[in-house]
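Novice:
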Amino acid sequence: MSEYYSQVPTKEGYRFNLEEPNGSKREEMGIIMNPGQPDEHLVVMGSYSTYDDKTDTETITMYTADKDGYKSRYMIKNRKLSPGALKSAAG
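Each residue of the sequence shown is one higher than the one before, counting from 1 in the working numbering.
1. Determine whether the beta carbon atoms of T61 and Y51 lie at a separation below 8 Å.
2. From the DSSP output, read off the bridge partner residues of Q7.
3. Have a look at G30 and D68 and give me their C-alpha separation to the nearest angstrom.
4. Counting only the same chain and skipping the five closest in sequence on each side, list residues whose C-beta sits under 6 Å from that of E19.
5. Could you please give me the residues that DSSP links to Q47 through a beta bridge?
6. If you run the structure through DSSP and keep just helix, strand and coil, what is K71?
This is how it looks when you write it as structure tokens:
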């Protein structure tokens, strides 16, 4: 896989995508809320992921940034347990 990058202006704001050869990626969308009004502000929503091939683990972080601050949450996928951990869990 080769690197892929895209940034596209939209009527409401922008869209951004980046994919790297190692499987990491980032996607983001910015929207101008209440354009032209006194309370105009930008809302940014997106996610980014990283992949660790040593542990076969992908970490995905989703976020929103707006006039009230930055909020994020994350999830971990494809986690493999070591043989020792599996033995321990099995008793």
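From the three backbone atoms N, C-alpha and C, an ideal C-beta is built for every residue, glycine too.
Specialist: Working from what's here:
1. Stepping through the sequence shown from its first residue, residue 61 is reached at position 61. Stepping through the sequence shown from its first residue, residue 51 is reached at position 51. No.
2. On the sequence shown, residue 7 is found 7 positions in, with the first residue counted as 1. F16.
3. Numbered from 1 along the sequence shown, position 30 holds the residue referred to as residue 30. Numbered from 1 along the sequence shown, position 68 holds the residue referred to as residue 68. Near 15 Å, if we compare the C-alpha coordinates of D68 and G30.
4. Here residue 19 refers to the residue found at position 19 when the sequence shown is read from its first residue. Y4 and K25.
5. The residue given as residue 47 occupies position 47 in the sequence shown. The amino acid at residue 47 is misidentified as Gln; the sequence shows Ser. E27 and M62, per the DSSP bridge assignment.
6. Counted from its first residue, the sequence shown places residue 71 at position 71. In the structure shown, K71 falls within a strand segment according to DSSP collapsed to helix, strand and coil.
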